[in-house]
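Q:
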Ligand code: B12
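Protein chains in written order, with UniProt numbering: chain A, 1 to 215; chain B, 1 to 337.
1) Measuring CB atoms only, is the segment 10 to 18 of chain B touching the segment 136 to 156 of chain A, in the sense that at least three cross pairs come out at less than 8 Å?
2) Determine, using beta carbons only, whether residue 123 (chain A) and residue 95 (chain A) come nearer to each other than 9 Å.
3) Smallest Cα separation from residue 197 (chain A): which of A:63, A:186 and A:75?
4) Measure how close the beta-carbons of residue 9 (chain A) and residue 28 (chain A) come, nearest whole angstrom, since I'm counting them as under 8 Å.
5) Please report the straight-line C-alpha distance between residue 190 (chain B) and residue 105 (chain B), rounded to a whole angstrom.
6) Would you say residue 90 (chain B) touches the ligand B12, meaning its beta carbon is less than 8 Å from a heavy atom?
7) So who's on the other strand from residue 96 (chain B), going by DSSP bridges?
8) List the residues of chain C whose Cβ lies closer than 7 Å to the Cβ of residue 319 (chain B), in chain order.
9) In the DSSP assignment, the alpha helix (DSSP H) including residue 143 (chain B) goes from what residue to what residue?
10) Please go through the same chain and pick out, in chain order, the residues whose beta-carbon is closer than 6 Å to the beta-carbon of residue 52 (chain B), but skip the five residues on each side of it.
11) Strictly under 9 Å for the Cβ-Cβ distance: is residue 207 (chain B) near chain A by that measure?
12) Which whole-angstrom value is the C-beta distance of residue 338 (chain B) and residue 231 (chain B), which I expect to be below 8 Å?
13) State the Cα-Cα distance for the pair residue 134 (chain A) and residue 70 (chain B), rounded to the nearest angstrom.
14) With a 10 Å radius around its C-beta and 16 neighbouring C-beta atoms as the bar for buried, classify residue 36 (chain A) as buried or exposed.
15) Using a Cβ-Cβ distance cut-off of 9 Å, determine whether residue 204 (chain B) contacts chain A.
16) Determine the extent of the alpha helix (DSSP H) in which residue 98 (chain A) is found, giving its start and end residues.
17) State yes or no: is the beta carbon of residue 101 (chain A) nearer than 9 Å to at least one beta carbon in chain B?
18) Work out the CA separation of residue 222 (chain B) and residue 128 (chain A) for me, nearest whole Å.
19) Against chain A, with Cβ distances strictly below 9 Å, would residue 291 (chain B) count as a contact?
20) For residue 227 (chain B), which residues in the same chain have their Cβ closer than 7 Å to its Cβ, ignoring the five residues on either side in sequence?
21) Counting along the chain, where does the alpha helix (DSSP H) carrying residue 240 (chain B) start and finish?
22) Are the beta-carbon atoms belonging to residue 49 (chain A) and residue 13 (chain A) less than 9 Å from one another?
23) Unbroken beta strand (DSSP E) runs of length 3 or more, entirely within the segment 19 to 46 of chain B: which are they?
24) Looking at the strands, I want to know which residues DSSP matches up with residue 56 (chain A).
25) Considering just the uninterrupted stretch of the alpha helix (DSSP H) at residue 30 (chain A), what are its terminal residues?
26) Taking the DSSP output, what are the residues bridged to residue 124 (chain A)?
27) Determine the chain B residues that contact residue 106 (chain A) at a beta-carbon separation under 7 Å, and present them in chain order.
28) Under 8 Å from any heavy atom of the ligand B12, does the C-beta of residue 187 (chain A) make it?
29) Is the number of C-beta pairs between the segment 46 to 60 of chain B and the segment 88 to 108 of chain B that are closer than 8 Å three or more?
30) Show which residues of chain B have a CB atom less than 8 Å away from the CB atom of residue 175 (chain A).
31) Which of helix, strand or coil does DSSP assign to residue 317 (chain B)?
32) Report buried or exposed for residue 213 (chain A), applying the criterion of at least 16 other Cβ atoms within 10 angstroms of its Cβ.
33) Roughly how far, in whole angstroms, is the beta-carbon of residue 315 (chain B) from the beta-carbon of residue 263 (chain B), given that I think they are within contact range, below 8 Å?
34) Do you know offhand how far residue 215 (chain A)'s Cα is from residue 125 (chain A)'s?
35) Which whole-angstrom value describes the C-beta separation of residue 104 (chain A) and residue 151 (chain A), a residue pair presumed to lie in contact below a C-beta threshold of 8 Å?
36) Starting from residue 62 (chain A), find everything on chain B with Cβ-Cβ shorter than 9 Å and list it in chain order.
Laid out in structure tokens, this is it:
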């Protein structure tokens, strides 16, 4: 039974079917399936689709709709997971944006939605965001995480500028800095001493939770 | 042969003294701005500055063609999308799309008198005067699929392309109609050729099926309108191998591709199908032109030629901080062969 439902959840992602994903998630909870396992099944689906995307068997619109389906299912599963973990914790504020000089938005938006769905209090600063603005907003919102996207080799150095800027202002240790986007790699993230790198939206949620020590 | 004769001959399938070399997409760089005294953002809005910067393509870079404008937001701005100015460093981009998928697009009246089109037309007239004797003058317009993306937003367009493609047709139709008007004005201003940039119609963004159903038909309609009068170069980004025959079927006089495309294989398929459309490309704008040495650029040029391109051009838009010595190296390598 549980096996079937997990298969079904995954399939709704492969079919990028938002409505079916929501139904399957509700069904899973009703049947007493562990919501963490349910999210795992959904993530499997998204990863499988991601591999097909790499091979140019599926394309970006499918990925975007599958992400929406994932988001839908999470919207019923996540509250359940939270309930089981800690009662009534305040959502952790995150600021996210694409760095100055870069207007690519699609991937950053996906990450923002995933973080929101995962229960973070996400403030999207949009694109072309200067280091000073990241800091200003992060301070204002008492954010724990600053997430910066860059899609081009020409704007990737701005992620380093951001970290240097935080360093210079003496506030580097107040924030967890996550970096990601097309040209960004784990090596680059290590090199500029970012706290974490997110290969994709799911990985970003995982790394954010890991760094904050929340489940 | 001068650059203009050379490029036009190549576009018409005629013989040339050597391979043409140009930048199908934008080639303005900070250094070129310094040398020509015409800078962004003014060169996006003012016809004289726009022309002065573009003319550097002939006088400084020695390309066979010059082109305007520098960004891909001219059409969408007239449809009401909010534009974010890029300042000195960046091209203008879309800040807020004008409409949502559920809206019905209305074709703006007197389209070619609005927004930055008069500046573009002015620039073309000036370029014609200043460098047009020797160098081909190209006007660049955005393909209907990409204009639609800039009117309703990329994400909305992509999702609708799968879920409710029928809702998109009015946007493509409107964008195609205004593209015809814009192209006609560009031709009347004296352009020798037109570049259609349809960067969102890339397989980086949509499936081959969506390309065939949602992008190609409008490209084809637009091209058949334009190339009764002047030749058309179509540029689509990304790895196009799966649709390269469909791109050829749009009737374009040349196809500009990125180095992600297997040019050899494309040429083989063309031959098999009796297609003679020239392929332009494919020097990598980042790894060769921006970050590479002159030697890397020369290698890129030679590889492209060995793969069978009919004219040498960067893959896509040149990054504005590209050293111009590398663009000149691209030209010199072609000249030296
Ligand atoms: C769409 C697109 C555009 C659109 C953007 C529209 C928009 N509103 O977003 C437009 C046409 C405006 C555009 C413009 C340009 N572009 Co562009 N563009 C692309 C394209 C085709 C797709 C990007 C995309 O959306 N990918 C899909 C998303 C889902 O993937 P993603 O962004 O990588 O996000 C995922 C991960 O990276 C991660 N992630 C993303 N953000 C974040 C953030 C954090 C914090 C974390 C942890 C993770 C994370 O999660 C996401 C989900 O899995 C890419 C090519 C490509 N295949 O990537 C080129 C590309 C990124 N562009 C490129 C270039 C050069 C440009 C221009 C300079 C071209 C020009 N001169 O006109 C301009 C620059 C404008 C500017 N100043 O920014 C180059 C960059 C080359 C390089 N190595 O530097 C690319 C790679 C194309 C190429 N092959 O040359 N572009």
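Don't be surprised by glycine CBs; every beta carbon is placed ideally from N, CA and C. Remember, it's a predicted structure, so these values are computed and weren't measured experimentally.
A: For this structure:
1) no
2) yes
3) Distance from the Cα of residue 197 (chain A) is smallest, within the candidate group A:63, A:186 and A:75, for A:186.
4) Contact holds; Cβ gap of about 6 Å.
5) 30 Å
6) yes
7) Partner(s): B:82.
8) The displayed structure is made up of protein chains A and B, and chain C is not among them.
9) Premise fails: residue 143 (chain B) is in no alpha helix (DSSP H) and is neither H nor E.
10) 36 and 38
11) yes
12) Lying outside 1 to 337, the shown extent of chain B, residue 338 (chain B) is not represented and no answer is given.
13) 29 Å
14) Exposure of residue 36 (chain A) is indicated by the presence of fewer than 16 other C-beta atoms within 10 angstroms of its C-beta.
15) yes
16) No alpha helix (DSSP H) contains residue 98 (chain A), which is instead part of the beta strand (DSSP E) from 93 to 98.
17) yes
18) 33 Å
19) At least one chain A Cβ lies under 9 Å of residue 291 (chain B).
20) 251 and 253
21) According to the DSSP assignment, residue 240 (chain B) belongs to no alpha helix (DSSP H), since it is labelled neither H nor E.
22) yes
23) Scanning the segment 19 to 46 of chain B for uninterrupted beta strand (DSSP E) segments of 3 residues or longer gives nothing; none is fully contained.
24) Beta-bridge pairing links residue 56 (chain A) to no other residue.
25) 18 to 30
26) A:96
27) 154 and 155
28) No heavy atom of the ligand B12 is found nearer than 8 Å to the CB of residue 187 (chain A).
29) No contact exists between the segment 46 to 60 of chain B and the segment 88 to 108 of chain B.
30) Near residue 175 (chain A) there are no residues of chain B at all, since even the closest Cβ is about 26 Å away, more than 8 Å.
31) coil
32) Answer is exposed; the Cβ neighbour count stays below 16.
33) That belief does not hold up - the Cβ atoms of residue 315 (chain B) and residue 263 (chain B) are roughly 11 Å apart, past 8 Å.
34) Note that residue 215 (chain A) scores a pLDDT of 49, beneath 50, so its modelled location is shaky; the value from the coordinates is reported in the next line. Cα to Cα, the separation comes out at about 26 Å.
35) 4 Å
36) Taking a Cβ-Cβ cut-off of 9 Å, the neighbours of residue 62 (chain A) in chain B comprise 162 and 207, given in sequence order.
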